[in-house]
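Chains as they are written, first to last, in the numbering used here: chain A, 1 to 187; chain B, 1001 to 1263.
Each residue gets a CB set at the ideal place from its N, CA and C atoms; glycine is no exception.
See below for the structure under consideration.
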């Protein structure tokens, strides 16, 4: 009796082991990525949601969207002092710094900024939405983790990846919403 | 009244200059053509890419390396020493190395096998110059890359997977810009449409006049990863060959413009 029990347990373990192995093609992909060098391979490691976006080529099936958004929302962190709007001047520097936000590569913020990209929507006069709590939080969340509102959006998750700290995210939020910021200057 | 007309004039002028700007932005090929003409006038008819071709030809034909041999017996897929049109047929499977190789890695293979260089002795700038020379003999030839061998089919699938793979601190992959956001731009250049615009993959290797550099497709791919904040895959590595194979298949049927001259 005990022997049969052990055998059964072994069978279950073996089945689990087989199922948890990546497919041969998946192994081949990993092998090829390794061939590109260890630093490259390290950076090509995906988190589960990057893998989903790649698998479905940015168009998630509707039944996966709810859980995806929830997972992403749970990743958002806020500044210790709870202030979601910081200093717009610091925000401007982060917005244009290619190593930090690099936001202007895709968005026009200050319309005087030359060479702003057009990958994302223009943000001139973004502050006309006002500074209600809901608007500030929406803006902060979007900058910190764009995938919490739009699954697989092109916009990277600057806060989640540590490109912007929560405090820095608050500065960029202020750059977009503060009436004194050049984004919202009277023209 | 005078002020009104001044305002109308200013608005019309602004609109006009915006249109001119937009046109310039939207056609990098025309802008490159203009730059090429200018450079030709300044230099008396010699392009920087011609110099690379010349240097590459000398390197290709000279007896070099521990085996004191030239590269003239190198087989790029159409037989030893046959160079016409080979760039449009790469990457492909080679029986001697049992690998799918692109132009760069095949040059490297021949430098190792025919000339006896050690892998760590291969100079990247020499490989690029030789690639320019071979490319010059494929100009205006068609791109014909059809994965038929199982190894080629597998590597194509792999390239497709890598092309759509999003990773790294900017959550991006090749397809994010070159498929999903095609026609838009980050910074000054619009992204090429790698799935539909056959010109995109058919002008490599190319001279880039904006930074005065000679690049092969490998350099282009590596720079793309660097732009995404990711370490680039090693030269001659499988990710580069797989992505090149995937992109060149999309360019099937295109007439090559070699060596390319681009921004």
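Supposed close pair residue i, residue j - CB separation, criterion 8 Å
{"i": "residue 1134/B", "j": "residue 1195/B", "result": "That belief does not hold up - the Cβ atoms of residue 1134/B and residue 1195/B are roughly 27 Å apart, past 8 Å."}
{"i": "residue 1126/B", "j": "residue 1047/B", "result": "The pair is not a contact, with the Cβ atoms about 20 Å apart (cut-off 8 Å)."}
{"i": "residue 183/A", "j": "residue 104/A", "result": "Between residue 104/A and residue 183/A the Cβ distance is about 11 Å, and since that is not below 8 Å, they are no contact."}
{"i": "residue 1261/B", "j": "residue 1207/B", "result": "5 Å"}
{"i": "residue 1251/B", "j": "residue 1143/B", "result": "5 Å"}
{"i": "residue 1088/B", "j": "residue 1230/B", "result": "About 29 Å; that fails the 8 Å criterion."}
{"i": "residue 108/A", "j": "residue 139/A", "result": "Residue 108/A to residue 139/A, Cβ: 16 Å. No contact."}
{"i": "residue 54/A", "j": "residue 1156/B", "result": "Residue 54/A to residue 1156/B, Cβ: 17 Å. No contact."}
{"i": "residue 159/A", "j": "residue 166/A", "result": "7 Å"}
{"i": "residue 1202/B", "j": "residue 1254/B", "result": "4 Å"}
{"i": "residue 1191/B", "j": "residue 1263/B", "result": "At roughly 13 Å, the Cβ-Cβ gap does not stay under 8 Å, so residue 1191/B and residue 1263/B are not in contact."}
{"i": "residue 1081/B", "j": "residue 1072/B", "result": "5 Å"}
{"i": "residue 37/A", "j": "residue 1219/B", "result": "Residue 37/A to residue 1219/B, Cβ: 15 Å. No contact."}
{"i": "residue 137/A", "j": "residue 84/A", "result": "6 Å"}
{"i": "residue 1102/B", "j": "residue 1114/B", "result": "About 18 Å; that fails the 8 Å criterion."}
{"i": "residue 1216/B", "j": "residue 58/A", "result": "So it is not a contact: roughly 29 Å between Cβ atoms."}
Heavy atom of the ligand FAD within 8 Å of residue i beta-carbon
{"i": "residue 1028/B", "result": "With respect to small molecules bound, the structure shown includes none, and the ligand FAD cannot be examined in it."}
Residue i - partner residues in DSSP beta bridges
{"i": "residue 1075/B", "result": "1080/B"}
{"i": "residue 1262/B", "result": "1208/B"}
{"i": "residue 1190/B", "result": "1185/B"}
{"i": "residue 1213/B", "result": "1208/B"}
{"i": "residue 1101/B", "result": "1092/B"}
{"i": "residue 1167/B", "result": "1172/B"}
{"i": "residue 1064/B", "result": "1069/B"}
{"i": "residue 1142/B", "result": "1255/B"}
Amino acids of chain B, ordered along the chain, whose beta-carbon sits closer than 7 Å to that of residue i
{"i": "residue 106/A", "result": "1186"}
{"i": "residue 50/A", "result": "1166, 1167 and 1171"}
Contacts of residue i in chain A (Cβ-Cβ under 7 Å)
{"i": "residue 1238/B", "result": "32, 35 and 36"}
{"i": "residue 1242/B", "result": "32"}
{"i": "residue 1180/B", "result": "58 and 154"}
{"i": "residue 967/B", "result": "In the structure as shown, chain B starts at 1001 and stops at 1263, and residue 967/B therefore has no counterpart that could be examined."}
{"i": "residue 1161/B", "result": "29"}
Neighbour-count burial assignment, residue i, 16 or more Cβ in a 10 Å radius
{"i": "residue 1044/B", "result": "exposed"}
{"i": "residue 1052/B", "result": "buried"}
{"i": "residue 23/A", "result": "exposed"}
{"i": "residue 1017/B", "result": "Reliability of the predicted coordinates at residue 1017/B is poor, the pLDDT of 49 falling under 50, and the value obtained from them is presented with this limitation in mind. So residue 1017/B ends up on the exposed side."}
{"i": "residue 1038/B", "result": "exposed"}
{"i": "residue 1068/B", "result": "exposed"}
{"i": "residue 1211/B", "result": "exposed"}
{"i": "residue 1041/B", "result": "exposed"}
{"i": "residue 1095/B", "result": "exposed"}
{"i": "residue 1104/B", "result": "buried"}
{"i": "residue 1147/B", "result": "buried"}
{"i": "residue 1097/B", "result": "exposed"}
{"i": "residue 144/A", "result": "buried"}
{"i": "residue 164/A", "result": "buried"}
{"i": "residue 1158/B", "result": "buried"}
{"i": "residue 1136/B", "result": "buried"}
{"i": "residue 1086/B", "result": "buried"}
{"i": "residue 65/A", "result": "exposed"}
{"i": "residue 1117/B", "result": "buried"}
{"i": "residue 1023/B", "result": "Note that residue 1023/B has pLDDT 46, beneath the 50 cutoff, so the model's placement of it is unreliable and no number is given."}
{"i": "residue 982/B", "result": "Residue coverage of chain B in this structure runs from 1001 to 1263, which leaves residue 982/B outside it and unanswerable."}
{"i": "residue 1049/B", "result": "buried"}
{"i": "residue 5/A", "result": "exposed"}
{"i": "residue 74/A", "result": "exposed"}
{"i": "residue 169/A", "result": "buried"}
{"i": "residue 142/A", "result": "buried"}
{"i": "residue 72/A", "result": "buried"}
{"i": "residue 1269/B", "result": "A question about residue 1269/B goes unanswered here, because the residues of chain B that appear run from 1001 up to 1263."}
Interface residues of chain B facing residue i [CB-CB closer than 8 Å]
{"i": "residue 156/A", "result": "1169, 1170, 1171 and 1172"}
Under 9 Å by beta carbon: chain A residues contacting residue i
{"i": "residue 1232/B", "result": "36, 37, 39 and 40"}
{"i": "residue 1175/B", "result": "54, 57 and 58"}
7 Å Cβ cut-off: residues of chain E touching residue i
{"i": "residue 53/A", "result": "Protein chains in the displayed structure are A and B, and chain E is not among them."}
Any residues in the segment 30 to 44 of chain A with a beta carbon nearer than 7 Å to a beta carbon of chain B? Which ones, in chain order?
-> From the segment 30 to 44 of chain A, only 32, 33, 35, 36, 37, 39, 40, 43 and 44 have a Cβ closer than 7 Å to chain B.
May I ask you to list, following chain order, the residues of the segment 158 to 186 of chain A that have a beta carbon less than 8 Å from some beta carbon of chain B?
-> 161, 162 and 163
Members of the segment 1106 to 1130 of chain B near chain A, C-beta cut-off 8 Å = none
For the segment 109 to 131 of chain A, enumerate the residues whose C-beta is nearer than 7 Å to any C-beta of chain B, in chain order.
-> 115, 117, 118 and 119
In chain order, what residues of the segment 1056 to 1069 of chain B put their CB closer than 7 Å to some CB of chain A?
-> none
Along the segment 64 to 82 of chain A, what residues have a CB closer than 9 Å to any CB found in chain B?
-> Those residues of the segment 64 to 82 of chain A placed with their C-beta closer than 9 Å to a C-beta in chain B do not exist.
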